[in-house]
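**Q**
In this note's numbering, the protein residues as written are 72 to 202.
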């Protein structure tokens, strides 16, 4: 496949992954008390701090992915975040809905690990920085 097409596909892939997190964080920002309560109910320690970290991770790092700035680092952190979310919030694998969310999170982490391994591609700020 032509290099230009690969660069475009890489950009589209980064945008599509970022959208998922940006939509998710909008609900967290609009209902902080409910989100903190949900985090607390999962057994995660320091739910208010966890909430702040989640908002940062789901708001800032997807924007960096779209821009292709620090793509590898951002993708690696988002992959870890996705795995932690699966383990803490979607671990009831006997519930079909939770099972789907668990494996969806793992699949997202897989895509993010691809970005961590191969970077943002030619249409990224990282590529401009290395030129």
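Backbone N, C-alpha and C fix where the C-beta goes; we use that ideal spot for every residue, glycine too.
#1: Here's a check: name, in chain order, each residue in its chain whose Cβ is nearer than 8 angstroms to the Cβ of residue 141, leaving out the five neighbours to either side.
#2: Could you check what DSSP says for residue 144 in three-state terms: helix, strand or coil?
#3: Just the Cα atoms here: how many angstroms apart are residue 132 and residue 146?
#4: Return the residue from the list 174, 104, 97, 86 that minimises the CA-CA distance to residue 186.
#5: How many angstroms separate the CA atom of residue 122 from the CA atom of residue 79?
#6: For residue 163, which three-state DSSP category applies?
#7: Please check the pair residue 179 and residue 195, which I expect to be a contact at CB under 8 angstroms, by giving their CB distance rounded to whole angstroms.
#8: Is the distance from the Cβ of residue 177 to the Cβ of residue 157 below 9 angstroms?
#9: Short check: CB of residue 89 to CB of residue 137, under 9 angstroms?
#10: Does residue 223 come out as helix, strand or coil in the three-state DSSP assignment?
#11: So residue 100 and residue 119 are supposed to be a Cβ contact under 8 angstroms. How far apart are they, rounded?
#12: Go through its chain and collect everything with a Cβ distance to residue 81's Cβ below 7 angstroms, but skip five positions before and after it.
**A** Result, derived from the coordinates:
#1: Excluding positions up to five away in sequence, the list reads 135, 197.
#2: Helix, per DSSP.
#3: Taking the straight line from one Cα to the other gives about 8 angstroms.
#4: Nearest C-alpha to residue 186: 86.
#5: In this structure, the alpha-carbon of residue 122 lies about 34 angstroms from that of residue 79.
#6: DSSP places residue 163 in coil when its eight states are reduced to three.
#7: 19 angstroms between Cβ atoms; not a contact.
#8: Contact: yes.
#9: Against a cut-off of 9 angstroms, the Cβ pair of residue 137 and residue 89 comes out as a contact.
#10: Here the chain comprises residues numbered 72 to 202, so residue 223 is not present and cannot be evaluated.
#11: About 14 angstroms separates the two Cβ atoms, so there is no contact after all.
#12: Hits under 7 angstroms: 191, 192, 194.
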